[in-house]
Amino acid sequence: MTKNEVNISLEEFCRKYLSPSQEERDKISERFKELQDILPGNEIFQSGSFGRETTVSPVHDLDVIWVLPESFQILGSELLAKSQGQPILFDVKEPLESLALMLTAGYQKIGKEAKVEAQTHSVNITFPKIETFSIDLVPAVRSGKKNRYGDDIYLVPEIQKLGRNKWEEIYKSHDGKLNWVLSDPKGYREQSLRLNQNPSYRKTVKFAKVWKKSCNAGLTNFELKSFHIELVVAGLFTQNRSLDFYDAINLFLGDATSWLAKSSLPDMADSSVFVDDYLNEDTDATQRPLAIKYASKTLKKLQEMLQKNGVAEIYPLLRESIISVSPWPFVSNWREVKLTCQVERRDKIRNSTNWKRIPNNLPGYALQTINGPKPLLSGDYIGKEYFLIFTPAIDGLDYDEIRWLVVNNGMPALDIARIGGWRGNEFHFCEVNSSYREEHTEYPGMHWIECYVVKNGACIGFGRFYVGINGD
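For the sequence shown, this note's numbering assigns the number 312 to the initial residue and increments by one for each residue that follows.
Quick look at the structure:
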């Protein structure tokens, strides 16, 4: 295939399987409109990747900025002036509790079941009986500063920019007061919307985020961050507005050594703060080289596509390019682990007087053959709606934990569940208090599961089991 043909195929892949569907976008627009109707007179606007049009399907949450009303708001310029270079501390508990009460009453009034919870730094809204989707309203005050586009720069709680595991620690250390920092959600959104005039930009960002998730599964106690990844891609398109997807993703992966070397991206709101400062958390410099190695692996698969003939040949390479690799190095004498599989129908077939083609009841052994439990051999095919129990033969192995990687293959998984159907970017634990893993059959095709037996951070045993699923 020519480079242009590969590019067209990959852009179509991103459009069809990575971007939120029209149904998703409509639902989110509906939720945001409800929010606007419940909060008349309040200034709210979308932030985060959905607002920047760079989110990957499925969309599980929507970030919304809530500008504190005058009745609660201290001027951001006053906060900055009082701080004199020290942390800006401001207690937002009362405004958030007031907002939560207002939202609870508003959803009840329109007959929408919603769980509203005031947190330390935001108000979270979930819709448990409707969808796995949430809205996070983050308080903000105008700082008095303007961004390069003439829009307001805001002050927001610092913990909004930190990992969840650090929230409680910081909150307690400040006696319930939050440290507020400069943030420019409108500036980043405007930058993204301008770059989006080239549709290849958002497609590249989305693929890079999918790659990032797969990459992170192979790292230990360190993760690349989506916003950092997005800004790296934004930098490429800022330098060359006419890039296509294939060239952009090649540049992104090929330059990983550079953008992972050290923090280099100043925050648009505060140039003294670096968005990629978290790279310093890889203190022993062991994880970034693994990310660079994974980028090289993906890049090689993408470049091999130029030697293929047609979409049917490049999709397997695309599938391989985003399967996670083990975060545990293999010891030299690692043992091959045999996996066994027992299958059992979820909904049991029972004898019935309504059989159309079978005049008599089936004997018990026939029902047992259909329903299970029964063994399945690696590489065999089975129908949908079966439970699968995978068990490793680990006798004689002294281990700390067992982890599993499930890889779904083929187009049916994509067509049914979009990019979420291509599992292979998460190392799962065993079922509670056991050494086995339970799965179920759903997507037609030949898939596999990998078992990793881990001791002292290294893999001492490995096994793989293939499962074919019939399409009818």
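For glycine and all other residues, C-beta sits at the position ideal for the given N, C-alpha and C.
Output the boundary residues of the beta strand (DSSP E) element that contains Tyr747.
In the sequence shown, residue 747 corresponds to position 436, counting from 1. Annotation for Tyr747: no beta strand (DSSP E) segment contains it, and DSSP assigns it neither H nor E.
Which residues mark the beginning and the end of the beta strand (DSSP E) in which Asn435 is found?
Here residue 435 is taken as the residue at index 124 of the sequence shown, counted from 1. Run containing Asn435: Val434 to Thr437, per the beta strand (DSSP E) assignment.
Output the residue ranges of the beta strand (DSSP E) runs that lie fully inside the region 611-666 and measure 3 residues or longer, sorted by chain position.
641-647 and 650-656
Which runs of the beta strand (DSSP E), 3 residues or longer, sit entirely within the region 684-732?
685-687, 697-703 and 712-718
For the alpha helix (DSSP H) that His539 lies in, which residues bound it at each end?
Along the sequence shown, read from residue 1 onward, the residue named residue 539 stands at position 228. Annotation for His539: the continuous alpha helix (DSSP H) segment containing it runs Ser537 to Gln550.
Does any heavy atom of the ligand SAH sit closer than 6 Å to the C-beta of Glu316?
Of ligands this structure carries none, so the ligand SAH is not represented either.
Figure out for me which residue from Asn781, Pro755, Ala769 and Ile700 has the closest Cα to the Cα of Ser746.
In the sequence shown, the residue the question calls residue 746 occupies position 435. The shortest Cα separation from Ser746 among Asn781, Pro755, Ala769 and Ile700 belongs to Ile700.
Keeping to the same chain, check which residues put their C-beta closer than 6 Å to that of Gly779; ignore five residues upstream and five downstream.
As a working note, residue 779 is residue 468 in the sequence shown. Excluding positions up to five away in sequence, the list reads Tyr692 and Met757.
Step through the CB atoms of chain D and report whether any lies within less than 7 Å of the CB of Gln598.
Absent here is chain D; the protein component of the structure consists of one chain.
So, with DSSP's three-state summary, where would you put Ile349?
As a position in the sequence shown, residue 349 is number 38, starting the count at 1. Correct three-state label for Ile349: helix.
Using 8 Å as the Cβ pair cut-off and three pairs as the minimum, do the region 573-580 and the region 601-609 touch?
no
Per the DSSP calculation, Met757 is bridged to which residue(s)?
As a working note, residue 757 is residue 446 in the sequence shown. DSSP, once it has assigned bridges, lists Gly779 as partnering Met757.
Looking only at its own chain, which residues have a Cβ that is under 8 Å from the Cβ of Trp478, when we skip the five neighbours before and after it?
Here residue 478 corresponds to residue number 167 of the sequence shown, with the count starting at 1. Confidence at Trp478 is low in this model, with a pLDDT of 48, below 50, so its placement is unreliable and the value that follows should be read with caution. Hits under 8 Å: Thr431, His432 and Ile470.
Taking the beta strand (DSSP E) that Gly455 falls in, what are its first and last residues?
One-based indexing of the sequence shown puts residue 455 at position 144. Its beta strand (DSSP E) spans residues Ser445 to Lys457.
Please report the distance separating the alpha-carbon of Arg714 from that of Val584.
Along the sequence shown, read from residue 1 onward, the residue named residue 714 stands at position 403. Along the sequence shown, read from residue 1 onward, the residue named residue 584 stands at position 273. When rounded, the distance between both Cα atoms is 38 Å.
With three or more C-beta pairs closer than 8 Å as the rule, is the region 414-430 touching the region 362-379?
no
What is the C-beta distance between Arg656 and Tyr697, in whole angstroms, given that I count them as a contact (C-beta under 8 Å)?
The count along the sequence shown starts at 1 and reaches residue 656 at position 345. The count along the sequence shown starts at 1 and reaches residue 697 at position 386. Rounded, the Cβ-Cβ distance is 6 Å, consistent with contact.
Can you give me the start and stop residues for the alpha helix (DSSP H) that Phe324 sits inside?
Position 13 of the sequence shown, counting from 1, holds the residue named residue 324. Taken as a continuous stretch (DSSP letters only), the alpha helix (DSSP H) holding Phe324 covers Lys314 to Tyr328.
Specify the secondary structure class of Val370 as computed by DSSP and reduced to three states.
The residue labelled residue 370 in the question sits at position 59 within the sequence shown. Here Val370 sits in coil by DSSP.
So Asn509 and Arg552 are supposed to be a Cβ contact under 8 Å. How far apart are they, rounded?
The sequence position of residue 509 within the sequence shown is 198, counting from 1. The sequence position of residue 552 within the sequence shown is 241, counting from 1. With a Cβ gap of about 6 Å, Asn509 and Arg552 count as contacting.
When the Cα atoms are used, what is the spatial distance from Thr365 to Ile355?
Walking along the sequence shown from the start, residue 365 turns up at place 54. Walking along the sequence shown from the start, residue 355 turns up at place 44. Each residue's Cα considered, the two are about 20 Å apart.
When the distance is taken between beta carbons, is Tyr557 closer than 7 Å to Asn318?
Translated into the one-based positions of the sequence shown, residue 318 becomes position 7. Translated into the one-based positions of the sequence shown, residue 557 becomes position 246. The answer is yes: Cβ separation under 7 Å.
Run through DSSP, which three-state label would Gln508 get?
For the purposes of this step, residue 508 is taken as residue 197 along the sequence shown, with counting starting at 1. Here Gln508 sits in coil by DSSP.
Name the two residues that bound the continuous beta strand (DSSP E) containing Pro331.
Taking the sequence shown and counting its residues from 1, one reaches residue 331 at position 20. Per DSSP, Pro331 belongs to no beta strand (DSSP E) and is neither H nor E.
Rounded to a whole number of angstroms, what is the C-alpha to C-alpha distance between Arg630 and Ser525?
Translated into the one-based positions of the sequence shown, residue 630 becomes position 319. Translated into the one-based positions of the sequence shown, residue 525 becomes position 214. Straight-line Cα distance between these residues: approximately 11 Å.
In or out: Gln502 buried (at least 16 other Cβ within 10 Å) or exposed?
Numbered from 1 along the sequence shown, position 191 holds the residue referred to as residue 502. The residue in question, Gln502, is buried, as its Cβ has 16 or more Cβ neighbours within 10 Å.
Leaving out five residues on either side along the sequence, give the residues of the same chain with a beta carbon under 7 Å from the beta carbon of Phe538.
If you number the sequence shown from 1, residue 538 lands on position 227. So the qualifying residues of the chain are Val586.
Nearest-angstrom Cα distance between Pro351 and Ala411?
Locating residue 351 in the sequence shown gives position 40, where the first residue counts as 1. Locating residue 411 in the sequence shown gives position 100, where the first residue counts as 1. Their Cα atoms are separated by approximately 15 Å.
Give a yes or no on whether the C-beta atoms belonging to Ser632 and Asn736 are separated by under 7 Å.
Residue 632 sits at position 321 when you count from the first residue of the sequence shown. Residue 736 sits at position 425 when you count from the first residue of the sequence shown. Contact flag unset, no.
For Asp706, tell me which candidate among Thr549, Gly772 and Arg505 has the shortest Cα-Cα distance.
By 1-based counting over the sequence shown, the position of residue 706 is 395. If we check each option's Cα against that of Asp706, Gly772 comes out closest.
I'd like the list of long-range same chain contacts for Arg668, defined as Cβ closer than 8 Å, with 5 residues on each side in sequence excluded.
Taking the first residue of the sequence shown as position 1, residue 668 is located at position 357. At Arg668, the pLDDT of 48 sits below 50, so the modelled position is not reliable; the number obtained from the coordinates is stated separately. Same-chain partners within the cutoff: there are none.
Taking the straight line between their C-alpha atoms, what separation do you get for Leu535 and Ala704?
In the sequence shown, residue 535 corresponds to position 224, counting from 1. In the sequence shown, residue 704 corresponds to position 393, counting from 1. Roughly 35 Å between the two C-alpha positions.
Is Ile798 buried or exposed, if buried means 16 or more other CB atoms sit within 10 Å of its CB?
An answer regarding residue 798 cannot be provided, because it is not within the stretch 312 to 783 covered by the chain.
Spatial neighbours of Ser358 within its chain, please: CB distance less than 6 Å, with the 5 preceding and 5 following residues excluded, ordered by chain position.
Sequence index remark: in the sequence shown, residue 358 carries index 47 (1-based). If we look at Ser358 and ignore the five residues flanking it on each side, its Cβ neighbours are Asp374, Ile376 and Pro496.
Decide if the region 567-574 is in contact with the region 511-519; the criterion is three or more beta carbon pairs, one per stretch, under 8 Å apart.
Between the region 567-574 and the region 511-519 there are fewer than three C-beta pairs closer than 8 Å, too few to call the two in contact.
Taking the straight line between their C-alpha atoms, what separation do you get for Ser360 and Ser368?
Reading the sequence shown from its first residue, position 49 is the one you call residue 360. Reading the sequence shown from its first residue, position 57 is the one you call residue 368. The alpha-carbon atoms of Ser360 and Ser368 are separated by roughly 11 Å.
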